Amino acid sequence: MSDRRVVITGIGIVSPLAATREATWERLIAGKSGAGRIDTFDPEDMPCKIAFQVPWVTGRGGGEGDPEAFDSEKFVSKKEMRRIDEFILYALAAAEEAVEDANWRPEDEEEKERTGVLIGSGIGGLESIYETAITLHEHGPRKVSPFFIPSALINLASGQVSIKYGFKGPNHSVVTACATGAHAIGDSSRLIKYGDADVMIAGGAEAVIGRIGIAGFCAAKAMSTNFNDTPEKASRPYDKDRDGFVMGEGAAVLVLEEYEHAKARGAKIYAEVSGYGLTGDAYHITAPAEGAEGGYRAMKMALKNSGIDPTEIDYVNAHGTSTPKGDEGEAGAVERAFGDHASNMSMSSTKSAVGHLLGAAGAIESAFCALAIRDQVMPPTLNLDNPSFETKLDLIPHKAKKGRVRAAMSNSFGFGGTNASLVLREVK
Amino acid sequence: MSDVLERVKKIVVDNLDVEGDKVVESASFIDDLGADSLDLVELVMAFEEEFNIEIPDDVQESIRTVGDAVTHIKAHI
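Keeping their order, the protein sequence lines are chains A and B.
For the first sequence, position 107 matches number 107 in full-length UniProt numbering, and the numbering has no gaps at all.
For the second sequence, position 4 matches number 4 in full-length UniProt numbering, and the numbering has no gaps at all.
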């Protein structure tokens, strides 16, 4: 491949912990959890009644009195709000923070044409589809909003961001379930390497904590149901009492930039996106392959094309969703991929603190890897009281860990048997 | 029927996010009030809801100004 290198120069996060990057990171490192009982609808008839909701200034999601809560009016007018599903709202907010952080506001036409957007979502406007289906059923087609389709389409996150800033480069989207965010970042890095763009606004967004989203994942027996009275204990990757994932929502957007381009304008650099691997399980629609075989190959591929020595990877942000099957398989695959070095590595699942952001998971977890490299500290796995298996890996139970982080790997695996691994490394 | 204008005005202000004093009878939704074709569809739906009338598609296309809307609504309520 070309010798163009890709670095991260901006990060934006809207998460269940807080509405901004730094507040999210600070709370993550402090061991806080964003879980609570669902308050956007009455979840009483749902087997799973809890989620990781974004805290809003309106009080929703536990945001009342929180100075770091999300304020939609900072990002869109009431008129614009009707044109977009919430996943697009979160994408716009995260993109604003990322673009601001990178200080990338090109006025020049050519620079705009060299800036692309690739933001994905696992499910997109599911709530809009649900609500419109009810309207259609009860009141007929004349009552269907003209904004229904453009509010629900997944690529409209990329579309809206490009319209807002005038970014006229590649405009693309990814839909690979829970691997979406990782694929968006990986594919964006390739677009820059190939020369199609110098800057890519890349990430994932998700907002499906509604009746249909929760009911659907409950029906697939994927969600935790044993911790409805203690929501903060529910997401517990690797722990013997784990019983399924807990849904999160939000968005994370990175500004990826060609290294020389970033250097030339004196941009701050978090880390380099140095490796990307992607594979398919060809096994089952929801279950991961035995031993996370597909995930293993994605990791090996990412390590190979990053060109670094695997012993430089100090931290792995695991997919680790807190499901009985997935967690052990992935840990075993990491041990196999890294061999003896596994005993020197740390691996945590930040889904214990922010939940499973589905299509945004790979993006927010890559952002956490970049911040771990910046601050040389690794976020914890909350609720890991009793690991269900023996491992050489330090799973960072309960408390964040200070330590050298030269390079980090982020894993994301999705329904359908789709896997992505990213390698991020510090830039010297 | 003078309150028809006021009720139309309120809907236009809410839907298009514009200042009330710009919403005069001669104002064109698209040229003066910043609406696009999708906004117009939604506006007509809001008028139908507010005045409990049905505005046929061919009539919708002839509603270009605030005054057009008021005239049509007055003739049908």
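Using N, Cα and C, we set each Cβ at its ideal position, and we do this for glycine too.
Treat the numbers as computed from the prediction; the structure is a model and nothing was measured.
request  = Select from the stretch 121–148 of chain A all residues with a C-beta closer than 8 Å to any C-beta belonging to chain B, and list them in chain order.
outcome  = ARG142, LYS143, SER145, PRO146 and PHE147
Contact under 8 Å by Cβ, ALA408 of chain A with ASP309 of chain A = no
inquiry  = DSSP has PHE413 of chain A in a bridge; who is on the other side?
reply    = A:ASN419
request  = Can you give me the Cβ contacts of THR391 of chain A inside the same chain, cut-off strictly under 6 Å, excluding the 5 residues immediately before and after it?
outcome  = ALA331
ask   = Closest to ALA251 of chain A by CA distance: which of A:HIS139, A:SER15 and A:ILE11 is it?
value = A:SER15
query = Where are the alpha helix (DSSP H) runs, 4 residues long or more, that stay fully inside the stretch 38–82 of chain A, in chain order?
reply = 78–81
task = Output yes or no for whether 8 Å exceeds the beta carbon distance between SER158 of chain A and ILE84 of chain A.
result = no
key: ALA363 of chain A: first and last residue of the uninterrupted beta strand (DSSP E) it sits in   = Premise fails: ALA363 of chain A lies in the alpha helix (DSSP H), 361–375, not in any beta strand (DSSP E).
query = PRO237 of chain A bridges to which residues according to DSSP?
reply = Answer by DSSP bridge pairing: none, since PRO237 of chain A is not bridged.
key: Same chain only: Cβ atoms within 8 Å of SER128 of chain A, ignoring 5 sequence neighbours per side   = ASP85, PHE148, SER151 and ALA152
key: Reduced DSSP category for ASN226 of chain A - H, G, I as helix; E, B as strand; rest coil   = coil
key: DSSP-derived helix/strand/coil call for VAL44 of chain B   = helix
query = Which residues in the same chain have their Cβ closer than 7 Å to the Cβ of LYS399 of chain A, if we skip the five residues on either side of it in sequence?
reply = GLY31 and PRO380
task = With DSSP collapsed to three states, give me the class of MET345 of chain A.
result = coil
query = For ASN15 of chain B and chain A, any beta-carbon pair shorter than 8 Å?
reply = yes
message = According to DSSP, simplified to helix, strand and coil, what is LYS164 of chain A?
response = helix
key: Contact with chain B by SER162 of chain A, beta-carbon distance below 8 Å   = no
ask   = Any beta-carbon of chain B closer than 8 Å to the one on LYS74 of chain A?
value = no
query = Is any beta-carbon of chain A found at less than 8 Å from that of ILE73 of chain B?
reply = no
key: Three-state secondary structure (DSSP) of MET1 of chain B   = Low confidence applies to MET1 of chain B: its pLDDT is 49, below 50, so where it sits in the model is not reliable enough to give any reading.
request  = Spell out whether any CB of chain B is found under 8 Å from the CB atom of SER151 of chain A.
outcome  = no
inquiry  = Could you compute how far the alpha carbon of ALA133 of chain A sits from the alpha carbon of VAL208 of chain A?
reply    = 16 Å
message = Would you call the stretch 33–47 of chain A in contact with the stretch 89–98 of chain A, where contact means no fewer than 3 C-beta pairs closer than 8 Å?
response = no
ask   = Going by other Cβ atoms of all chains shown within 10 Å of its Cβ, with 16 needed for buried, is PRO324 of chain A buried or exposed?
value = exposed
request  = Assign ALA261 of chain A to one of three DSSP states: helix, strand, or coil.
outcome  = The sequence shown places His at residue 261 of chain A, rather than the Ala named in the question. Note: HIS261 of chain A maps to helix in three-state DSSP.
request  = Could I get the ranges of all uninterrupted beta strand (DSSP E) runs contained in the stretch 303–333 of chain A, with 3 residues as the minimum, in chain order?
outcome  = 313–317
ask   = Buried or exposed: where does ASN344 of chain A fall if 16 or more other Cβ atoms within 10 Å of its Cβ makes it buried?
value = exposed
Contact set between LEU38 of chain B and chain A, taken where Cβ atoms lie within less than 7 Å = PRO146 and PHE147
inquiry  = Residues in the same chain with beta-carbon distance under 7 Å from LEU357 of chain A, minus the five sequence neighbours each way, listed in chain order, please.
reply    = GLU206, GLY248, GLU249, GLY250 and ILE364
ask   = Terminal residues of the continuous beta strand (DSSP E) containing GLY203 of chain A?
value = 199–206
task = Decide if ILE163 of chain A is buried, meaning its Cβ has at least 16 other Cβ atoms within 10 Å, or exposed.
result = exposed
query = Straight-line CA distance for PHE217 of chain A to GLY416 of chain A?
reply = 14 Å
request  = Check distances from the C-beta atoms of the stretch 295–323 of chain A to those of chain B and list, in chain order, the residues that come in under 9 Å.
outcome  = none
query = Of all the options A:LEU191, A:GLY186, A:ILE8 and A:GLY329, which has the alpha carbon lying nearest to the alpha carbon of ALA302 of chain A?
reply = A:GLY186
inquiry  = I'd like to know whether the C-beta of GLU50 of chain B is nearer than 8 Å to at least one C-beta of chain A.
reply    = no
request  = Run through the UniProt domain "Carrier" (2–77) of chain B for me and flag every whole alpha helix (DSSP H) of 4 or more residues, listed as ranges in chain order.
outcome  = 3–16, 37–51, 57–60 and 66–76
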